[in-house]
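In full-length UniProt numbering, the protein residues as written are 1 to 730. Quick notes on the structure that follows.
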């Protein structure tokens, strides 16, 4: 079998198991999984071999009008419901009105119940048999045993009544319970219909995301002609026109025009964002005013929208740590319930009032039916599916369920500076030469070397050199000293460009420019020293404006009780200047990636639960080690792949939104688990008849079936309440 990795779990592509599920045409490559057991994955529809639940696509089909299983269950339910009603009326009132001889009435009830059990209930029995074959007892095991016992007993009582003792005879016939089997199957079908309808709503967020993408794009050909083409036919490098009121078809960059774009559907940012030549565009965002011409850069599965859909789908199918307890209990639950049912049968048969064995059979069936573990299994997956979808609509992407559960416990937040607290789009301030080097020579050498770097500060230096018309040389050698600078060779000279930590590592004396460097840092600028052949040649200053939302975000997080620490590779003076503006008191400057990692570990050793927010490659180790890593969606892929939470807009206010969602989701999961445990703790003893000696109460198998059907629907309905959770609007 092919091993697949999914949402942090290793699963297996299972052989198809679709005998009890209607076939449905689906897009090629569609993978199906179980809502309760995400490790189960197969390439066609079927039922989960562990719990019997119908598998559903990992990513729902936007064009699917109705779940085929839902349509099938509706057909079985409505076609047999009249038969169930007639059988129930006959069982309750037939003897009172003398419509038929009682022995003949048993045969009539048998004839009416046969299509209910053998056709309408067929999927349940198939799943029950399959659960035994897979040695994975589940709700269908209980339903199959319960309805099967009631039906088989009634058939024997009708066909061969002489095999029963005289005490079983009531009103001229051996008592039969066809109505119990019929009503249980009808109510189970009704419960599945309600559950499937509710489950479909948990995928609404992904469907809404899929629906954001336009169907076509207006492509500009090389000869200037324009035509509308399907989105699948757009390739990287195509020129596309986006007219006012249209959606941006794919990710790309503006090459003509300017406009204001509404990105709220992906980022949660309510205000339109102005886009000009050179600015990046996100596919599926709405062009509100001016006309744009763009060049496509990412298409298909590489677009931001496609990656968001994939991330949400993976998070929805992940398992919350809280579910482990439920899984452990459920693993023994069904076997225990069968044992209770057997004890109930013999307890009533040996010690109950006459007809004792009939009481034993009916109460045992009630125990089997009411003890459905489905509500227990759905308790956390449904909450996770709703929460991850809700988070995505607010620009907050959780990688898995564990991140949702853990975020509410965070008490310490470490933040990077560049690209996290600041815009990440630095602008060049000045270059200062020394030891015979002019300012332009320093800029030329630094920009030539920095052509090989992807750091935002390097991009600002390269852009400034080109604006001044400096012809840059190609570096002959380039190495990145992550977090402290870069080294290489340009024009046969050994260059090093970085902070004082890199200079100290190379033994370069920076004192000649120390006063100027400190003055620039005190103004919030980032200062880099340039060494040529291990001698100081000058310095360069680059400033990066603080994000407009950073102060508000940090203030709200501190008000919520979080300890906020800044850790940056920038100089300590620069870091303190930025921190002072933001009200931060714990500041670490000139830290390497290993230092950030050690800071996370040090705080964890103190008993703190640490979140790390960053956007660069140098943040990746700390993001991976933190209890919750938070990546800026505007940052690098490495950072986002190392984090458990991504803020699409790169706005720290999203952390407050994510924490509120974490608190609400965990509370919802606890409610669901409590409901499922209490339901079974009360239902099983009541069905077994423990209250009968004191109150005379017994639980009819039909009432047990109704309660069982409604329990799963209740859990899902409670999970759907999360969609109305009060989250901070950014």
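Even for Gly, the Cβ is constructed at its ideal location relative to N, Cα and C.
The beta-bridge partner set that DSSP reports for residue 262 consists of 286. The Cβ neighbour count for residue 523, taken over all protein chains shown within 10 Å, is under 16; the residue is labelled exposed. Under the three-pair Cβ rule at 8 Å, the segment 596-611 does not count as touching the segment 541-550. Secondary structure note for residue 220: its beta strand (DSSP E) is the uninterrupted segment 216-220. Residue state for residue 246 is assigned as coil, using DSSP reduced to three classes. In the DSSP assignment, residue 493 falls within the unbroken beta strand (DSSP E) covering 493-498. Between the segment 378-391 and the segment 654-666, the count of Cβ pairs shorter than 8 Å is three or higher; the stretches touch. One Cα belongs to residue 402, the other to residue 624, and the distance between them is close to 14 Å. Residue 383 has its alpha-carbon roughly 7 Å from the corresponding atom of residue 722. By the criterion of at least three beta-carbon pairs nearer than 8 Å, the segment 392-402 is not in contact with the segment 552-571. Under a 10 Å Cβ-count criterion, residue 185 is classified as buried, with 16 or more other Cβ atoms of the shown protein chains found around its own Cβ. Relative to residue 527, the option among 343, 565, 589, 477 whose CA is nearest is 589.
A distance below 8 Å between beta-carbons, with the five flanking residues on each side excluded, links residue 534 to the following residues of its chain, in chain order: 494, 496, 506, 507, 508.
If you look at residue 136, you'll find it isn't in any alpha helix (DSSP H); DSSP assigns it neither H nor E. For the pair residue 303 and residue 262, the CB atoms are not nearer than the 7 Å cut-off. Taking residue 120 as reference, the option from 334, 41, 80, 368 with the minimal CA-CA separation is 80.
In the three-state scheme derived from DSSP, where H, G and I count as helix and E and B as strand, residue 550 is classed as helix. Under the DSSP assignment, residue 539 falls outside any alpha helix (DSSP H), being part of the beta strand (DSSP E) whose first and last residues are 535-543.
Residue 181 and residue 406 have their C-alpha atoms some 45 Å from each other. The Cβ atoms of residue 256 and residue 299 lie no closer than 7 Å to each other.
Our two residues, residue 244 and residue 591, have alpha carbons roughly 46 Å apart in a direct line.
When DSSP states are grouped into helix, strand and coil, residue 31 belongs to the coil group. According to DSSP, residue pairing for residue 595 in a beta bridge does not occur.
Under the 8 Å Cβ criterion, the segment 606-613 counts as touching the segment 409-418, having at least three qualifying pairs.
According to the DSSP assignment, residue 587 belongs to the beta strand (DSSP E) that extends over 586-588. Pairing residue 37 with residue 695, the inter-Cα distance amounts to about 41 Å. Counting of Cβ neighbours within 10 angstroms places residue 77 among the buried residues, the total reaching 16 or more. Looking at 239, 220, 235, 250, the one whose alpha-carbon comes closest to that of residue 213 is 250. Shown here, residue 193 sits in a helix according to DSSP, grouped into three states. With three or more CB-CB distances shorter than 8 Å, the segment 361-372 counts as touching the segment 137-154. Going by beta carbons, residue 568 and residue 575 fall inside the 7 Å limit.
By the neighbour-count criterion, in which 16 or more other beta carbons inside 10 Å mark a residue as buried, residue 75 falls on the exposed side. In this structure residue 147 is in contact with residue 117, their Cβ atoms being roughly 7 Å apart against a cut-off of 8 Å.
Closest by C-alpha distance to residue 652, out of 669, 670, 633, is 633.
C-alpha of residue 621 to C-alpha of residue 367: approximately 53 Å in a straight line. Assigned with DSSP and collapsed to three states, residue 426 falls in coil, not helix or strand.
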